[in-house]
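Shown next, in structure tokens, is the structure this report addresses.
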Amino acid sequence: MKEQATARWQQLPDSLGPDGLLLVERLRDLKQQTGLSLAALATRTAHSKSSWHRYLNGVKLPPRTAVEALGRLGGTEMAPLITLWENACRAETRPLSAPQPPAPRLPLASAARARRLRTAVVLAVSATLGAVACAVGAPALSGGSPERQAASCRKESCRGQYPGSSRCNRDARTESTVTEDAYAVRLRFSPSCATVWSEVETDARDGALEVSIRSGADELLASHRDRVTHGKSSPMLPATSPKGAEACVEMADRLACTGAVHLSADLQEGR
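Positions 1497 to 1767 (this note's numbering) are the ones given, in order, by the sequence shown.
Okay, structure coming up:
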């Protein structure tokens, strides 16, 4: 049963721009369709209540993972939703150009035709483009191996993304490790992306595995049910330094953490 929540939305900032406005309005519609409160969204996704508040009020551009998560909860067709997100990403990362002189005023009929033409062009271009990285300095879609391409995000734009798909793992280093009989937990840090995340390597293949990363008041987690020996990762959190970050894994009623607080204990003992 869904939690019914009627939102009283804040007025969106004027700096949001038309593409960002379309995205946020669509996300607000989806949130209303789910009937979930912000707190309930936080429990069902990898993004906190405060993050959803920022995303749905146009304060921060949401990462793709947040858009996809809300799209799944709202039961919407994903492709048009991701197109809205890609358009908003391109608008946000577009370099600022020099001020242009005002365009000559058109008669009303001509202005309407121009708006329709611009809309048609935008839709046509959006339909032909694939996934677009949402970050300044993102690599071109042409040649070059993934190893040579730049990371697709940095700092806040990496929030909720995974280190492999964003290529933040290229320069990652292990800051802290805790090892148990069945697994090893590592706190990982990428200087180029300014992010931290948890990584676990295990030979166990049965049961759920929950990997989480905490930095200050922020925390993200991921649940992996199909384990493989090459390891699993949490989503990333922005962090200019790994100090104060903590990586944890929970499996088979056992919790192990490394980083800010080194901890390995049976969960049952704390109950």
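Where a beta carbon is used, it is the ideal one built from N, C-alpha and C, also for glycine.
Proximity of Ser1708 and Cys1664 at Cβ, strictly below 8 Å: On the sequence shown, position 212 is the one that residue 1708 refers to. On the sequence shown, position 168 is the one that residue 1664 refers to. No; because the gap between Cβ atoms is not below 8 Å, this pair is not in contact.
Hey, would you say Arg1666 sits closer than 8 Å to Ala1647, going by beta carbons? As a first step, residue 1666 must be located in the sequence shown, where it is residue number 170. As a first step, residue 1647 must be located in the sequence shown, where it is residue number 151. Closer than 8 Å, so yes.
Contact under 8 Å by Cβ, Ala1713 with Phe1685: Taking the first residue of the sequence shown as position 1, residue 1713 is located at position 217. Taking the first residue of the sequence shown as position 1, residue 1685 is located at position 189. Taking 8 Å as the Cβ cut-off, Ala1713 and Phe1685 do not qualify as a contacting pair.
Would you kindly work out how many angstroms separate the C-alpha atoms of Thr1572 and Pro1558, rounded to a whole number? To locate residue 1572, count along the sequence shown from 1; it is residue 76. To locate residue 1558, count along the sequence shown from 1; it is residue 62. Approximately 17 Å between the Cα atoms of the pair.
Using the beta-carbon count (16 or more within 10 Å), is Ser1688 buried or exposed? One-based indexing of the sequence shown puts residue 1688 at position 192. Per the 10 Å Cβ criterion, exposed.
C-alpha gap between Glu1715 and Pro1514, whole angstroms: If you number the sequence shown from 1, residue 1715 lands on position 219. If you number the sequence shown from 1, residue 1514 lands on position 18. Going by the C-alpha atoms only, they are around 31 Å apart.
In the DSSP assignment, find the beta strand (DSSP E) that holds Gly1755 and state where it starts and stops. As a first step, residue 1755 must be located in the sequence shown, where it is residue number 259. Its beta strand (DSSP E) spans residues Arg1750 to Gly1755.
Give me the Cα-Cα distance between Gln1506 and Gly1755, rounded to the nearest whole angstrom. Taking the first residue of the sequence shown as 1, we reach residue 1506 at position 10. Taking the first residue of the sequence shown as 1, we reach residue 1755 at position 259. Taking the straight line joining both Cα atoms gives about 38 Å.
Look up Ala1647 in the DSSP assignment and say whether it is helix, strand or coil. Numbered from its first residue, the sequence shown carries residue 1647 at position 151. Three-state DSSP puts Ala1647 in coil, outside helix and strand.
Buried or exposed for Ala1535, please, with buried defined as at least 16 other CB atoms from any protein chain shown within 10 angstroms of its CB. The residue given as residue 1535 occupies position 39 in the sequence shown. Burial call: exposed.
Give the secondary structure of Ser1546 by DSSP, where H, G and I count as helix, E and B as strand, and everything else as coil. Along the sequence shown, read from residue 1 onward, the residue named residue 1546 stands at position 50. Note: Ser1546 maps to helix in three-state DSSP.
Counting along the chain, where does the alpha helix (DSSP H) carrying Ser1661 start and finish? As a first step, residue 1661 must be located in the sequence shown, where it is residue number 165. Unbroken alpha helix (DSSP H) run through Ser1661: Pro1659 to Ser1662.
Excluding the 5 residues flanking Leu1512 on each side, which residues of the same chain have their C-beta closer than 8 Å to its C-beta? What you label residue 1512 is simply residue 16 of the sequence shown in a count that begins at 1. Taking C-beta separations shorter than 8 Å and ignoring five residues to either side along the sequence, the partners of Leu1512 in its chain run Val1520 and Gly1554, following chain order.
What are the boundary residues of the beta strand (DSSP E) that includes Leu1683? To locate residue 1683, count along the sequence shown from 1; it is residue 187. Unbroken beta strand (DSSP E) run through Leu1683: Tyr1679 to Ser1686.
For Ala1587 and Arg1650, the rounded distance between their alpha carbons: Locating residue 1650 in the sequence shown gives position 154, counting from the first residue. Locating residue 1587 in the sequence shown gives position 91, counting from the first residue. Approximately 17 Å, taken between the alpha carbons.
Is Val1707 helix, strand or coil when you go by DSSP? Translated into the one-based positions of the sequence shown, residue 1707 becomes position 211. In this structure, Val1707 counts as strand in the three-state DSSP scheme.
For a quick check, are the C-beta atoms of Ala1565 and Thr1541 less than 8 Å apart? What you label residue 1565 is simply residue 69 of the sequence shown in a count that begins at 1. What you label residue 1541 is simply residue 45 of the sequence shown in a count that begins at 1. Yes, they are a contact pair.
Which one or two residues does DSSP pair with Cys1744 in a beta bridge? Here residue 1744 refers to the residue found at position 248 of the sequence shown. In the DSSP output, where bridge partners are listed per residue, Cys1744 has Ser1708 and Cys1753.
Closest Cα partner of Glu1746 within the set Ile1578, Ser1661 and Ser1730: Here residue 1746 corresponds to residue number 250 of the sequence shown, with the count starting at 1. Of the listed residues, the one whose Cα sits closest to Glu1746 is Ser1730.
Helix, strand or coil at Glu1676 [DSSP, three-state]: Within the sequence shown, the letter at position 180 stands for residue 1676. Coil.
Who are the near neighbours of Pro1509 in its chain, counting only those whose CB is closer than 7 Å to its CB and skipping five residues on each side? As a first step, residue 1509 is located in the sequence shown; it is residue number 13 there, counting from the start. For Pro1509, where only same-chain residues beyond five positions count, the Cβ hits under 7 Å are Gly1554.
Bridge partners of Pro1514, per DSSP? Against the sequence shown, residue 1514 aligns to sequence position 18. According to DSSP, which records beta bridges pairwise, Pro1514 is partnered with nothing at all.
Between which two residues does the alpha helix (DSSP H) harbouring Glu1459 extend? Here the chain covers residues 1497 to 1767 and nothing more, so residue 1459 does not appear.
Would you mind giving the Cβ-Cβ distance between Gly1567 and Leu1526, rounded to the nearest angstrom? I have them listed as a contact below 8 Å. Position 71 of the sequence shown, counted from the first residue, corresponds to residue 1567. Position 30 of the sequence shown, counted from the first residue, corresponds to residue 1526. Between Leu1526 and Gly1567 the Cβ distance is about 7 Å, and since that is below 8 Å, they are a contact.
Identify whether Glu1582 lies in helix, strand or coil by the three-state DSSP scheme. Your numbering for residue 1582 matches position 86 in the sequence shown. Glu1582 falls in the helix class under three-state DSSP.
Close-in-space but distant-in-sequence residues of the same chain around Leu1552 (CB under 7 Å, 5 per side omitted): Residue 1552 sits at position 56 when you count from the first residue of the sequence shown. Val1520, Leu1523, Arg1524 and Lys1527.
Measuring only the C-alpha atoms, how far is Asn1583 from Val1696? Within the sequence shown, numbered from 1, the residue matching residue 1583 stands at position 87. Within the sequence shown, numbered from 1, the residue matching residue 1696 stands at position 200. One C-alpha to the other measures close to 35 Å.
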